[in-house]
Amino acid sequence: MGGFNHHSICWKDNTEGHKKSRKFLECVNDNFLLQMVEEPCWTLSLPTKKGLVGNVKLKDSLGCSDHEMVEFKILRAARRVCSKLTTLDFRRADFGLLRDLIGRVTREKVLEGRGGQGSWLVFKDHLLQAQEQCIPRKKKSGKKARGPAWMNKEILDKLKKKKEAYRGWKQRRIDWVEYRETVRAARDQVKEAKAQTELNLARDIKDNKKNFYRYVRDKGKTREDVGPL
Numbered sequence: 052m053g054g055f056n057h058h059s060i061c062w063k064d065n066t067e068g069h070k071k072s073r074k075f076l077e078c079v080n081d082n083f084l085l086q087m088v089e090e091p092c093w094t095l096s097l098p099t100k101k102g103l104v105g106n107v108k109l110k111d112s113l114g115c116s117d118h119e120m121v122e123f124k125i126l127r128a129a130r131r132v133c134s135k136l137t138t139l140d141f142r143r144a145d146f147g148l149l150r151d152l153i154g155r156v157t158r159e160k161v162l163e164g165r166g167g168q169g170s171w172l173v174f175k176d177h178l179l180q181a182q183e184q185c186i187p188r189k190k191k192s193g194k195k196a197r198g199p200a201w202m203n204k205e206i207l208d209k210l211k212k213k214k215e216a217y218r219g220w221k222q223r224r225i226d227w228v229e230y231r232e233t234v235r236a237a238r239d240q241v242k243e244a245k246a247q248t249e250l251n252l253a254r255d256i257k258d259n260k261k262n263f264y265r266y267v268r269d270k271g272k273t274r275e276d277v278g279p280l
């Protein structure tokens, strides 16, 4: 969207009456841009494809300018991005069946005369087939998709009320004192929940090390990769 002094261009017929206007029109066509303002004006609306801009209306001039104002709506569909990656769900795996399937393989007959690499490929094929039968898959979710360890329904309600209070304060439906009290109540409850969760993790670290180190790992912003061996 912008203002250009190329009034000699006829956008309906895609023709021009000036050398500079011809170069500008060629540039527009080369970049596959579209003129959405059909009425004669000094303003251009050039999206890359149809459907991005709609309800284009030509308004009056702004102040002493000879350029008209253009009102338009940017059309975009809200789309929630869902992860399509899957990973093995070892919590629901049947390791007894996995051992049984691997144990049924007659290794002497199957691996006879195949060498190291050939034996590995045959064993890998049998292992993957058994894995598909015994270990189900689930959608992969990062640490951001998993809520904090201290989060619960009561805190979620408090945070929701805090957001609603902020919206009401911005719209002048709630005064500053009421909004401040709501924010303080939500903040104090979050602090208390965090402290209690960390206390429980530290107290039970000998019996449940995995939860403790997972909490510490989730607190970090970067993940360390294994270095070159």
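If you're matching positions, the sequence shown starts at 52 in this note's numbering and goes up one per residue. Cβ atoms here follow ideal geometry from the backbone N, Cα and C, with glycine treated the same way. Since this is a predicted model, take the numbers as computed values, not measurements.
Across the segment 201-217 and the segment 244-262, are there enough close Cβ pairs to call them in contact, namely three or more that are closer than 8 Å?
By the Cβ test, the segment 201-217 is in contact with the segment 244-262, since at least three Cβ pairs between them sit closer than 8 Å.
Drop a sphere of 10 angstroms on the beta-carbon of residue 253, count the other beta-carbons inside from all chains shown, and report buried for 16 or more, exposed for fewer.
Position 202 of the sequence shown, counting from 1, holds the residue named residue 253. It counts as exposed.
Counting only runs of 4+ residues fully inside the segment 195-254, write out the alpha helix (DSSP H) ranges in chain order.
Whole alpha helix (DSSP H) segments, 4+ residues: 204-221 and 227-254.
Using alpha carbons as the reference points, say which of 218, 140 and 230 lies closest to residue 191.
Working through the sequence shown from its first residue, we reach residue 191 at position 140. Minimum Cα distance to residue 191 is reached at 140.
Bridge partners - residue 190, DSSP secondary structure assignment:
For the purposes of this step, residue 190 is identified with residue 139 of the sequence shown, where counting begins at 1. Answer is 137, bridged to residue 190.
Which residues bound the alpha helix (DSSP H) around residue 172?
What you label residue 172 is simply residue 121 of the sequence shown in a count that begins at 1. Its alpha helix (DSSP H) spans residues 166-185.
Would you give the residue range spanned by the alpha helix (DSSP H) that residue 161 belongs to?
For this step, residue 161 is matched to residue 110 along the sequence shown. 158-161 is the span of the alpha helix (DSSP H), which, as asked, contains residue 161.
Rounded separation between residue 112 and residue 122 - CA only:
Mapped onto the sequence shown, residue 112 falls at position 61. Mapped onto the sequence shown, residue 122 falls at position 71. Each residue's alpha carbon lies about 12 Å from the other.
Whole angstroms is fine: what's the gap from residue 98's alpha carbon to residue 77's?
For the purposes of this step, residue 98 is taken as the residue at position 47 of the sequence shown. For the purposes of this step, residue 77 is taken as the residue at position 26 of the sequence shown. Note that residue 98 scores 49 on pLDDT, short of 50, meaning its location in the model is unreliable; the coordinates nonetheless yield the value given after this. If you take the alpha carbons of residue 98 and residue 77, they lie about 16 Å apart.
Could you work out which residue in 239, 152 and 124 is closest to residue 185 when comparing CA atoms only?
Sequence index remark: in the sequence shown, residue 185 carries index 134 (1-based). Comparing Cα positions, the closest option is 152.
Please report the residue range of the alpha helix (DSSP H) in which residue 147 lies.
As a working mapping, residue 147 is identified with position 96 in the sequence shown. Residues 146-154.
State the Cα-Cα distance for the pair residue 160 and residue 170, rounded to the nearest angstrom.
To locate residue 160, count along the sequence shown from 1; it is residue 109. To locate residue 170, count along the sequence shown from 1; it is residue 119. Taking the straight line from one Cα to the other gives about 11 Å.
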